[in-house]
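Number of protein chains: 2
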Amino acid sequence: MAQKFIYNFGDGKAEGSAGMKDLLGGKGAGLAEMSNLGLPVPPGFTITTDVCTYYYEHSWKYPAGLKEDVGKALERVEKILKMGFGNSQNPLLISVRSGAKVSMPGMMETVLNIGLTEKTIPGLIKKTGNERFVYDAYRRLIQMYADVVMEKANGFEPEEGQGVREKMERSLAILKQKRGYSSDTDLTTTDMKELVVRFKAIVHAVLGIPFPDNPQEQLWGAIGAVFTSWEGKRAISYRQIHDIPGEWGTAVNIQSMVFGNMGDDSATGVAFTRNPATGEKKFFGEYLINAQGEDVVAGIRTPCRLTIEGSKEKASKNHKAGKKTAGHYPPLQEVMPQAFDELVEVYKKLEIHYRDMLDIEFTIQNEKLWMLQTRVGKRTATAAIKIAVDMVKEGLITKEEAILRIDPTSLDQLLHPTIDRKAPVKDLTRGLPASPGAATGRVVFSADDAVTWSESPNDDKKAVILVRNETSPEDIHGMNVAKGILTARGGMTSHAAVVARGMGKCCVAGAGAVMVNYEKRQFKIKDTVIKEGDWITLDGSTGRVILGKVKTEKPSLSKEFEELMSWADRSARLKVRTNADTPKDSVIARNYGAQGIGLCRTEHMFFEGDRINAVREMILAEDETGRRIALNKLLPMQRSDFEGIFEAMDGLPVTIRTLDPPLHEFLPQDDREIAELAAKSGISAETLKVKVHNLHEMNPMLGHRGCRLGIVYPEITEMQVRAIFEAAANVMKRGIKPVPEIMIPLVGHVNELKIQADITRKIADQIMKETNVKISYLVGTMIELPRAALTADQIADVAEFFSYGTNDLTQTTFGFSRDDAGKFLPEYIDKKILRHDPFQVLDRKGVGQLIKIGVKKGRQTRPKLKVGICGEHGGEPSSVEFCHEVKLDYVSCSPFRIPIARLAAAQAALKAK
Amino acid sequence: MAQKFIYNFGDGKAEGSAGMKDLLGGKGAGLAEMSNLGLPVPPGFTITTDVCTYYYEHSWKYPAGLKEDVGKALERVEKILKMGFGNSQNPLLISVRSGAKVSMPGMMETVLNIGLTEKTIPGLIKKTGNERFVYDAYRRLIQMYADVVMEKANGFEPEEGQGVREKMERSLAILKQKRGYSSDTDLTTTDMKELVVRFKAIVHAVLGIPFPDNPQEQLWGAIGAVFTSWEGKRAISYRQIHDIPGEWGTAVNIQSMVFGNMGDDSATGVAFTRNPATGEKKFFGEYLINAQGEDVVAGIRTPCRLTIEGSKEKASKNHKAGKKTAGHYPPLQEVMPQAFDELVEVYKKLEIHYRDMLDIEFTIQNEKLWMLQTRVGKRTATAAIKIAVDMVKEGLITKEEAILRIDPTSLDQLLHPTIDRKAPVKDLTRGLPASPGAATGRVVFSADDAVTWSESPNDDKKAVILVRNETSPEDIHGMNVAKGILTARGGMTSHAAVVARGMGKCCVAGAGAVMVNYEKRQFKIKDTVIKEGDWITLDGSTGRVILGKVKTEKPSLSKEFEELMSWADRSARLKVRTNADTPKDSVIARNYGAQGIGLCRTEHMFFEGDRINAVREMILAEDETGRRIALNKLLPMQRSDFEGIFEAMDGLPVTIRTLDPPLHEFLPQDDREIAELAAKSGISAETLKVKVHNLHEMNPMLGHRGCRLGIVYPEITEMQVRAIFEAAANVMKRGIKPVPEIMIPLVGHVNELKIQADITRKIADQIMKETNVKISYLVGTMIELPRAALTADQIADVAEFFSYGTNDLTQTTFGFSRDDAGKFLPEYIDKKILRHDPFQVLDRKGVGQLIKIGVKKGRQTRPKLKVGICGEHGGEPSSVEFCHEVKLDYVSCSPFRIPIARLAAAQAALKAK
C-alpha cells in the first residue's frame, strides 16, 4: 500500500473535493470543497477511508508511512497558523472527527481540544487571556477522551452508571447543585479547575491509568478510537438499518480547533439552507452562545434560532406549548449581525455551488465565522419534494434531477395517515414538530422495552411510543421498532429529531412539560400520570401529544407532490397498477395514480358478511350438484363486487385471479367454532371434524390450492368467470368500459392452464352470447412456481399475459415458508448470509434469474406478451428497478405504495438512460 | 388424407413387414413378416393405425375411400382362396381382430366367423360336410358379435348378469346340465342349432334388434367395434398401467378364417419358442383339439402341452398337486406328429429370423398348419435374462443387444423376497407356477374389493391376494393393486398368468382344488375354509398355495444375471451408489453392486434405541451449553454407526448428509406421548407443550430444516462432523480406507454452505491433528432448491460436489407437497395434465432443466465438479437415462434398486452411442 493516505485542506485550497466522498468521507469532502471555494475553514487534513479498510484487514495496524505523513500534514497546519502542536508558548489544539461516505449522525466518535497538556495550558491561557475557557476546554477534552478513547475504544464495557462519562456527569451535576448553579455557563474558573482534578481522579479510579499528558499520545489515541468506532455496536446497528455496507469504512478528519466557547462573542451552531421539515425556502438553524458544537447536537441546552423570523416562530410555538422563553438569547441575526450576514453569504454560495439544500456547521470565535462542515441536508419527504420542485423552478436543477433526488421509500411518510382533525382528543401538551406523521401506541420508556413489546405475539401490544428525556445513539434499536418518539428535551436538530426524520417516523421532541420517571415507568404532565402500557398519540407535524388512541385520517398531498409525480410518470416506462380486492381500495388506488388492477384476489370477497356460509356450504357439499347450489349463492355477490371494481377502474385493465387458497382456510379449525358451524349448517360436528381433518395439509403452501382447485372442481372456476363476465356485461350497459384479465394462479404445467383457460373462454363466450355484448378480455397466468418460469415458452402458448407472483416464487425458489422463516431469517440477516429479507427486496440472483428466464422464453413464443409483477416487491424501489431492467410492462402494489412505485419506475428509466 | 389405408398379406408375400408395427400394429406386422417368409398364413389385410387416429379425430368417421379399399382387399383374398364373402356356394369366413403397436392381451376386441348368414350356412355345410362345426361356428359368431359389437361397442352397459354374453353363457350351461354333458365337445348338432335359436332370441330380447344376417353389416360392425374398443375402459386402464400413449391407436386385421374346431384332426394352440417363465431353451406351448383360439386363451378348458417332454412335466406337476390327468389329450407331438414337426420348423425359422424368443399362435385345420400370429414373447425377468445371455452365447445377438433387451424395471421381480424354505408352513394346494415371486396377503374375491382393501388406512389390511376362478380383462384394476393372484382355472397362458407376468406380480394359476364361493366370500380346499380377510401366501415360482403369513427370504440371483450385470457395468459410464443409513443396508447394497453411498441420512440414526432421548434432551435444552451436553451423548453412537458404514464401504465414497428434518419431527405430538416424555425428562408437560407449539410450522417442508439447523445451532454440525471424522480415524487404524464426503442439505445461497463448510473443515482439521491421521474428504451440497441450481456457479466455489436431491427439488419446482399431492395428482394423471407422477419419473422439462442449468453453471466454476443424484429418481430407468444424458457422475438409489440403476445406466450409455 504505497498510496496517498492524507488530503490537506484550508488556507484557501484543498487537495480533495466534493466528489471524493468515497475516499474522504462526507465531512472531509465537504471541508475540502469549502476550502477550494475560499470559505473560512480552519486548516487540517483528512486520513482516507482506505486507511480504515487497511486497518481492519491487517488486524488493527496502520499502513507503513502513515505516522510520517500525519506528522508532515500537521507541520503544514502549524506553518499556516504559525502555531505548534504541543508548543508551550503558542499551542495548536486540534479536533479528530470521524466522517463516513454518508452521514451517520452521532454513530461514531469525535474528540475535541486535543493538544491540551500541563505544558500547553499555561501558554494558551497567556495567549487567550481566558483561563476559564482553557480549563473548560481541558475538562471537555478529559470527558470526551476518557469516554471515547480510554474506555470505549479499549473495549471496556462498564455497567449502567459506572462508566467514566456518567461518573463525570454526576460529578458535574453535584458541583452545580452544591454551588446552586442552573447552567454550565455559571461555572467559574475555580469550578473548572476543580472539575479537571475530579475528572482525572475518576479516570484513574475507573480505568486504573492516568489521563495522558502527551499531545502525540492524545492524537493517536483519538485516531484509533475513530477507526474503532466504525465497528462499534451502534455504528453496525445503524448501518444495518440504513443498509450501509461495512466495507466503506470511515475517514478521519484532523483539524485545527476554533472555539465557540471563548466567551459571549463566540458561538456555535448548525443550520439548514432551507427548512428540512417543510422544504420552505428559508434559512433555518440554531445556535448557542459560548458553547462547543456538541452542546447543540446533544440537545442538552435548548438552542436559539438564527434568524429574527425563526425566533418569532419559535416564541409563538413555545407560547402555544406553555413554555417560557425567558433566559434565552435572541437570534444570531441580532446578536452578531456581521457574522450572521457572512454566514448568509456563505450558505447562499454553497447552495448554488452544491445545487441542493445543505446542512452546515459553524463556529464563531471572537466574532469571526468559521465553517466546520457542509453536506447535503437530510430532510423529510415533504421537504425533499418541495425543495426539488422549487429548485427546478429556480433553474438550479432539471426535472430529471428532481425525480432522482427523492428516495421513493420516503414517500411512504406522506401517505401515512394523520390525526383526524375532527376527532375529540385530549391534548396533554405540545412539543416540537420534529418529524411529521401521526402515531398511536403504548408508552414504553426504554429502547429494550420497545423491542420486547413490539415482538409481543399480541397484536394489541405491538404498537409502542418510545418516551425518553432525550434519545442517544444507544436507543436506535428501540426507535426503529417504535411507531413514534416523544422526548422531553432537545431541539429540531437533536438526536431524536434527526434520526426519526431519517426513519420517516413520527417524532415530537423537546416537550418540556413531560416529566419522565424511568424508575416508576411513568411520566407526568401536570397532574396526569401516564404509565407504561398506556395509549398515547403523537402528531409529529404539529408537535401535539394526545392522551389515548385517536382516529387518523388520510393525508392530503401537496401540489409539489402532484407536480413531481406527473414528471415521474412522463419519465417512466413501467406502468403501475394496484393490488386491490374491493371497489373501495380500487378508488383509493386510482386516486394515487394506479393505471389498473394487477391483482384482484377473489377469495377476499369470500369472507365478507355472511358469504362465508355459502363458501362453507360449497366445501361441505357431498358432490358437484351440492357445490353448484352453493356456488350459485355466491355468484350474485361476486358479480356485484366486480361491477364496483370495473366501475372504479373504468377503461383500465383489471386482473382478476381465480380462487387461490386451500379450502381449509375457509373452515373453522377449533372445536368451539366447529360446534357453532355444526349448529348453523345442520351437519354434525363429527362429520365436520372429519371434513376438516381430510382437508388438513402438511404443507398447505404446496398443497391443494391455486388452479389445482379449479381443476378438481371446475364448477368453482365456472362460477367465478360467470360472475366476472356478467358484471362486465352489466357495467357496459351503463357506459362503463370493463377490461377484464382473467388470471389463473399457481400454474406449473401448461396443461393446467389449458384446462382452466378453456373453461374461461367457454363461459365467456356463453355469457357474451346470452347478453349480446362483446367484451375484450385476456386470459393469463401467475408465474409463481419455478417450473412455470422454466417452461414459460410452453405456457405462453396459452397465456396472453404473465404476472409474476414473487411472494410465492420467492418461497419456492428459496424453499422458505413465509410463515415459518421468522425462525431463522433474522439470523440470516445478522450473519450476513443474506443482505436483505428476500420477501421485502427481490432476490435478483435467484428469483430474478427465474423472472428473466420466464420473460425471455415467454416472449420467444409470444413476442408481445404482457408481463407484470404482483408480489409485494411491486412496491419496493430496488425491485421496481429490476422489473424495469428486465423489461416488464407493469408492477402492481398495494394502494399506498403506488406513488413509491411510480417514482421508482421513473428513476429506473432515468438511470437506465 | 389420401394415403394407403390397407396393407395386404398372405399367399407367400405381404405389403408390410416386421418393422411397420407403428402403422400395422404388432399382429399385422407379424402376419406380414410371416407371409414374406413364406410361412402358411391365411390371406388377409390390415387397416392401419392411422385410420384409427383419423376415426377419433373426426368424431368416429372413417376416411373417404376406406370402404372401397376394404372391398378391393377382400376381393383379393377371395381371388387367392377362390371363395366368396357372402357367397352361398363357397362362402369365405373372416376374422376381425385388433392389433396395437404393443400387445395388450385381451384388452381389445376380436370377432371370428364373420360371413355366416342364413344364406351361407347351407353352402358351408355342403362344402365341409360338417353340420355340427358350422352351427358351432355360427353360435360362436352370435355370442361374440352380440357382446362385442351390438352391446359393448354401442355403449350398452348392462347390469351384472344382465348382459347378452352372460345370458348366453347361462343358457349354454343350462342346456349342458339338462343333457348331462360335462364338456362343450359333448354338444351335438341339434344342441348347436338349438343354441343358435336361443342366442338369437336373447339378442332380440336384450338389445331389441335382430342379429344381422348381412355379411357386410357384420364386417363393418366388427371393424367399428375394434376401433371403439381402443377407447374402452379396460384398454384405457391397461394403457395407464403400462404407460402406453392413447395416440398410438389400433390397427384392424381382417383375415380369412381357418378352423381348429373342424373335428379331431383340427386343433388350435399357442406357444413360446422358449420357456417364458424360466428362459430355458425348450419349445413351450399348449393346444386344444377341436377348438377355436379363444378357448385356449380364455382358460375355460385346461389345454395340453405340445411336446412329449412338456406333457410329462405337467403330468408330474399335476400329480404333485393331487390332480388327475385322465381324460386329457396326449401331446401334439404324438397326436399330429407331421403338423408338430412343421410347427417346430416354423418356430425355429422364426426365432432365427427375429433373433428373439417368440410367442406364436397357430391353428391346425384338417391336419394342415396355419400360422395366425407371431410376436416377441412376454417373459419374466428371469427368463428375459437367461434368454438374452443364452442368445449371446448362441451367437444370435451381441452383448449390447442383450443389455438393451432387458427392461430394467423388471429386475425388481428378481430382487423380491421368496418364501423362506425353512419356515414351517401349511400347504393348502399347488397350482401352476404362472408368475414367479412370493406374496402374502389377505384374501379378496373381486377386483373392486381388492382396490377397496388396498386403500385401507390400516396398513395391516392393505396387502391382498386376489382369488378368482379365472380372471378377465375386467379384473385388471384389482390385479394391479393385489400382491398376488390365485386362480382355480386356466393354464400358463391364461389371462391371469400373462397379465401377472407382465406386471411382475406373483401368480398361481389353475389351482383346481380351489372351490370359490363368491357369494359367501370364501373358498374351500378340501375341508379348509378360507374367508375374505384371511391370510394366505402364494409362491409363484413353485405354484404352492400356503395358509397364513409366511416368512420370506432374499432371492439368490442366477449366474446369467451376474453375467449380464457385469456386461452392463462395462458399458455404463454412470456409477451407481446407494442410499443407505445403516451398516446393514450398506452391506446389502454392496452385494448388489453399489459403488459407494450417495446418501447416508444421519437423522435415521437418531431414532434407534434410546438415542431419541438424547435428541430430545438436545432440542429441549435451554441454551447452547445444554445442547452440547446432549450432543455429547449422541456423539459415540453416531461415531459407531459411521465406523460400521465405512467398514462396509471400505475404499468407496460415503456421502453423509448432516441433519436435515425439522426438529419437531423428533418430539411427540399428542398429549399422551407428551405426558410420557414429561415423566421421563423431568420437564413439565406444560413446558413441553409450549416447546412443541413453538416448533410447530405451517409448512415444515419449507421451514427450519436442512442447513438452516446447522446455521442456527452450529454445535449440531460440529458434533456430526466430529462423529464422522473420529469414526474415519478409528477405522483407518484397522486398515480400512474411509472416503467421507460431507453433504450439507437444503442450501439455497452459497453463504449458507460457506458457514457449514467452514465448520466442517475446522473440525476435520482439529480431529486429524488430534488423531494424527490424514483423511481425504470432500465437502459438498445437495442441490434440492431451485435457487441452488440457478446459482450453482457461486455454490461450486465452495462445494466440491453436488448431489441433486430430486425429491425436494421436485416439490419446490412444481410447488407440490409430496405429503399432500395425493389430493390432486391422481386427477392430474387421469386428465393427462401430467403423463407421470413427477415424484416417480423425473420431470425433464422443469426439474430436469434446473439440473442441466446447475451442472452447466457448477462446472463453469469447477470443471471437475463431481455431480450425482440421490432422490428416488436415482433408481428409475428413464430418470437414470436423463442423468446419463446430462453427464452426471453417479446415481444413488435404495439397495434393491441398484441392479435396475446399473442396467439403466448401461442402456443409457448404449443408446447414446
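Chains as they are written, first to last, in my numbering: chain A, 1 to 913; chain B, 914 to 1826. Positions of the beta carbon are idealized from the N, C-alpha and C atoms, including for glycine. Everything numeric in this text was worked out from a predicted model, so none of it was measured.
Given residue i as reference, the closest of the options once Cα atoms are compared
i	options	result
residue 1205(B)	1759(B), 1024(B) and 1103(B)	1024(B)
residue 149(A)	159(A), 97(A) and 177(A)	97(A)
residue 1048(B)	1422(B), 1098(B) and 1016(B)	1098(B)
residue 505(A)	476(A), 777(A) and 688(A)	476(A)
residue 1766(B)	786(A), 338(A) and 627(A)	786(A)
residue 1257(B)	1269(B), 1282(B) and 1298(B)	1282(B)
residue 662(A)	681(A), 146(A) and 696(A)	696(A)
Contacts around residue i, its chain only, beta-carbon distance under 8 Å, and the 5 residues preceding and following it disregarded
i	result
residue 1240(B)	Below a pLDDT of 50, predicted positions are generally treated as unreliable, and residue 1240(B), at 45, falls in that range; the measurement from the model is reported next regardless. Here the set comprises nothing.
residue 995(B)	1003
residue 1163(B)	938, 962, 965, 1011, 1012, 1013, 1021, 1139, 1140, 1142 and 1143
residue 1178(B)	1249, 1277, 1279 and 1280
Three-way DSSP call (helix, strand, coil) for residue i in this model
i	result
residue 368(A)	strand
residue 1106(B)	helix
residue 1025(B)	strand
residue 213(A)	coil
residue 1796(B)	helix
residue 910(A)	helix
residue 654(A)	strand
residue 1688(B)	coil
Chain-order list of residues whose beta-carbon lies under 7 Å from that of residue i (same chain, five-residue window excluded)
i	result
residue 1040(B)	1003
residue 678(A)	684, 685 and 688
residue 718(A)	759 and 763
residue 1773(B)	1706
Own chain, CB closer than 6 Å to residue i, minus 5 neighbours either side, in chain order
i	result
residue 1519(B)	1528
residue 346(A)	39
Cβ of residue i within 7 Å of any chain A Cβ
i	result
residue 1658(B)	no
residue 1576(B)	no
Chain B within 7 Å of residue i, Cβ atoms only
i	result
residue 697(A)	yes
residue 704(A)	yes
residue 459(A)	no
| field | Positions along the stretch 712-735 of chain A whose CB lies within less than 9 Å of some CB in chain B | value | 712
| message | By the 8 Å beta-carbon criterion, what residues does the stretch 1711-1726 of chain B contribute toward chain A? | response | 1721, 1724, 1725 and 1726
| Along the stretch 1682-1700 of chain B, what residues have a CB closer than 7 Å to any CB found in chain A? | Residues passing the 7 Å Cβ filter: 1698, 1699 and 1700.
| the stretch 744-766 of chain A: which residues have C-beta closer than 8 Å to a C-beta of chain B, in chain order? | 746, 748, 749, 751, 752 and 755
| task | Could you please tell me which residues of the stretch 825-852 of chain A, in chain order, have their CB closer than 8 Å to any CB of chain B? | result | 827, 828, 831, 832, 833, 834, 843, 845, 846, 847, 849 and 850
| message | So if I threshold CB-CB distances at 7 Å, which residues from the stretch 680-695 of chain A count as touching chain B? | response | Taking 7 Å as the Cβ-Cβ cut-off against chain B, none of the residues of the stretch 680-695 of chain A qualify.
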